Amino acid sequence: MISVLFGLIGSTAIAAATTPSFADSTGTKTVSYLGHRFTVPAGWAVVDLTAAPQTCVRFDRHVVYLGTPDQYQNCPAHVVGISEALLMAPAPATGAPPQTAEDPGEHELIVTGSGFTVTATYRADRPLIQRILASAGLPQTGTTMAPARPPTAASAAALAGSAATNYTGKGFEACDTPSLSTMSAWGSSPYRGVGMYFGGVNRSCKAQPNLTSTWVSRQAAAGWHFLPIYVGLQVANDSCSGCALIGSPTSDGTSAADDAANRAAALGFGPGTVLYFDMESYALTASHSSVALAFEAAWTRELHARGFNSGYYSSGSTGITDLVNHYSTNTMPDVIDVANYNGKATTTDPYVPSGMWANHERLHQYQGDHNETWGGVTINIDLDYYDVQLGGAPADDAAMSAVANPATSNMEVYFNSGGALTENFWNASRGWSGPFAIGGTITP
6 MISVLFGLIG STAIAAATTP SFADSTGTKT VSYLGHRFTV PAGWAVVDLT AAPQTCVRFD
66 RHVVYLGTPD QYQNCPAHVV GISEALLMAP APATGAPPQT AEDPGEHELI VTGSGFTVTA
126 TYRADRPLIQ RILASAGLPQ TGTTMAPARP PTAASAAALA GSAATNYTGK GFEACDTPSL
186 STMSAWGSSP YRGVGMYFGG VNRSCKAQPN LTSTWVSRQA AAGWHFLPIY VGLQVANDSC
246 SGCALIGSPT SDGTSAADDA ANRAAALGFG PGTVLYFDME SYALTASHSS VALAFEAAWT
306 RELHARGFNS GYYSSGSTGI TDLVNHYSTN TMPDVIDVAN YNGKATTTDP YVPSGMWANH
366 ERLHQYQGDH NETWGGVTIN IDLDYYDVQL GGAPADDAAM SAVANPATSN MEVYFNSGGA
426 LTENFWNASR GWSGPFAIGG TITP
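By my numbering, the letter at position 98 of the sequence shown is numbered 103, and the numbering carries on one by one without gaps.
In structure tokens:
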């Protein structure tokens, strides 16, 4: 068995790998840190964050991270997926025995002990993570974490309503939320929209020391507008080979929306703001489409029940195409975010007819991972163009009315979509006209 030893001298972590006198027949190695010895698979990398502080702490790889994640992590713009991994970090010495809490929304087991914390993630092999914790004498199970508490009324008030996520213009997003100083430096950029990954089991950048309610309120005060992105369970592994997948679309979509609403409220986002689900691209098969549409409908309905507007990000050629094809028959999100890397900062898109999401209800991710430098600070980012101007809390999607004219075989269907009264006109010879907003709402 290989041993990798880490200790603390002052504030500096020292790593020393011993040389085994025999082959590692067990397929494991021991990682020692802050007085605890963890037995992990031999193939896992071990990263000392004190020696490499700007390492991107990403949980889509089999890695043991040792130390405190830095506020200036060097991450790719868009990383999704989850794997079995560990983050071990120092913490205040309390003298209390270690306790384990589970965060089902993130697939995390979090151990808090005297002088240390361990964050352990899993995709499909939860028993492996439990064995690793047991090897260090730590509890393998514990209580389910309660939803994070909302911030104080004063900080929440600044973000109440849809203004926090309303914006027309250019924005950027990064996997790891930029620090306060980075955001200040990027005040010289042409962007005033910022996307941040605030939750979801497939959020790879889970270690986010910058993402707090204070960060959100300060950026709002500085004139930034937000794109809160939740990377939950996915339809398939077609474009995300390391993603955890949807099992039961309706219940999983509802649970994701509840978790997102709780996390958003804890960051200070109030009713009427838009929360975006990140659905990575998938093959357009009947089974995939059925799962995606049922999940999105449940996500949207539950967000509406919680007072939030629903946003949905996907590839224009897959997830967004599914929405377009079922616009009149499926519960629709209030805002769509179309991934189409054509380099055009506009929300006009060949995948979306002009009459759909036509009332300032679109974003367009028009450029992928690349570096930009503003104010002397470089970040790897994706670029978005926003045209989002919602009026407030969502309308009741269940409200619908239909008027039929037997003499002409015409039918007009009225329903709420994106907070606006929408009409779809059907004629026996020409079929459906396609939905178009006409203003107002229907009350059940």
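Heads up, the beta-carbon is just placed ideally off N, CA and C, and yes, glycines get one too.
Given the structure is predicted, the values throughout are model-derived calculations rather than measurements.
Bounding residues of the beta strand (DSSP E) (the contiguous stretch that carries residue i)
i, result
"residue 36", "33-38"
"residue 377", "366-379"
"residue 398", "No beta strand (DSSP E) contains residue 398, which DSSP labels as neither H nor E."
"residue 50", "50-53"
"residue 45", "41-46"
"residue 201", "198-204"
"residue 383", "382-393"
"residue 280", "279-283"
Cβ-based neighbour list, residue i, same chain, cut-off 8 Å, excluding 5 preceding and 5 following
i, result
"residue 287", "239, 240, 241, 243, 244, 293, 297, 323 and 324"
"residue 98", "119 and 120"
"residue 81", "61, 180, 374 and 385"
"residue 395", "167, 170, 171, 277, 279, 314, 339, 340, 365, 366, 423 and 424"
"residue 224", "188, 199 and 231"
Cβ-based burial, residue i [other Cβ within 10 Å; buried from 16]
i, result
"residue 42", "exposed"
"residue 254", "buried"
"residue 347", "exposed"
"residue 101", "exposed"
"residue 336", "buried"
"residue 92", "buried"
"residue 198", "buried"
"residue 458", "No information on residue 458 is available, as it lies outside the stretch 6 to 449 that the chain covers here."
"residue 132", "exposed"
"residue 130", "exposed"
"residue 449", "Confidence in residue 449 is poor, its pLDDT being 42 and thus under 50, which makes the residue's placement unreliable; the coordinate value appears in the next sentence. Exposed, since its Cβ has fewer than 16 Cβ neighbours within 10 Å."
"residue 295", "exposed"
"residue 213", "buried"
"residue 256", "exposed"
"residue 261", "buried"
Same chain only: Cβ atoms within 7 Å of residue i, ignoring 5 sequence neighbours per side
i, result
"residue 354", "321, 343, 345 and 369"
"residue 398", "276, 277 and 312"
"residue 264", "110 and 204"
"residue 228", "197"
Same chain, Cβ closer than 6 Å to residue i, neighbours up to 5 away in sequence not counted
i, result
"residue 221", "272 and 273"
"residue 259", "303 and 307"
"residue 170", "231, 278 and 279"
"residue 412", "Reliability fails at residue 412, whose pLDDT of 45 lies under 50, so the model's placement of it is uncertain and the value that follows must be treated cautiously. Hits under 6 Å: none found."
"residue 64", "87, 90, 126, 209 and 211"
"residue 362", "341"
Residue interval of the alpha helix (DSSP H) (run including residue i)
i, result
"residue 237", "Taken as a continuous stretch (DSSP letters only), residue 237 belongs to no alpha helix (DSSP H), as it is neither H nor E."
"residue 263", "254-272"
"residue 219", "218-226"
"residue 289", "Premise fails: residue 289 is in no alpha helix (DSSP H) and is neither H nor E."
"residue 185", "185-190"
Check: residue i C-beta below 6 Å from any heavy atom of the ligand ATP
i, result
"residue 171", "As presented, the structure is devoid of all ligands, the ligand ATP included, so that no description of it is given."
task: Could you tell me whether the segment 184-193 touches the segment 41-49, where touching means 3 or more Cβ pairs closer than 8 Å?
output: no
message: Any contact between the segment 188-198 and the segment 364-384? By contact I mean 3 or more CB pairs, one from each, below 8 Å.
response: With the cut-off at 8 Å, the segment 188-198 and the segment 364-384 touch.
- request: Return the chain-ordered ranges of every alpha helix (DSSP H) run that is complete within the segment 93-178 and spans a minimum of 4 residues.
  value: 131-140 and 158-162
- prompt: Does the segment 110-128 come close enough to the segment 69-87 that 3 or more CB-CB pairs lie under 8 Å?
  reply: A contact between stretches requires three or more CB pairs, one per stretch, nearer than 8 Å, and the segment 69-87 meets this requirement with the segment 110-128.
query: Is the segment 197-205 touching the segment 107-117, taking contact as three or more C-beta pairs under 8 Å?
result: With a cut-off of 8 Å, the segment 107-117 and the segment 197-205 count as touching, because enough Cβ pairs lie within range.
task: Report the residue ranges of all beta strand (DSSP E) runs contained in full by the segment 302-351; include only those spanning at least 3 residues, in chain order.
output: 314-320 and 340-344
message: Under 8 Å, with one C-beta from each stretch per pair, do the segment 245-252 and the segment 71-86 reach the 3-pair mark?
response: yes
query: Would the segment 325-333 and the segment 304-316 be scored as touching if the rule is three or more Cβ pairs under 8 Å?
result: no
query: Can you give, in chain order, each stretch of the beta strand (DSSP E) that sits fully within the segment 58-89 and has at least 3 residues?
result: 68-71
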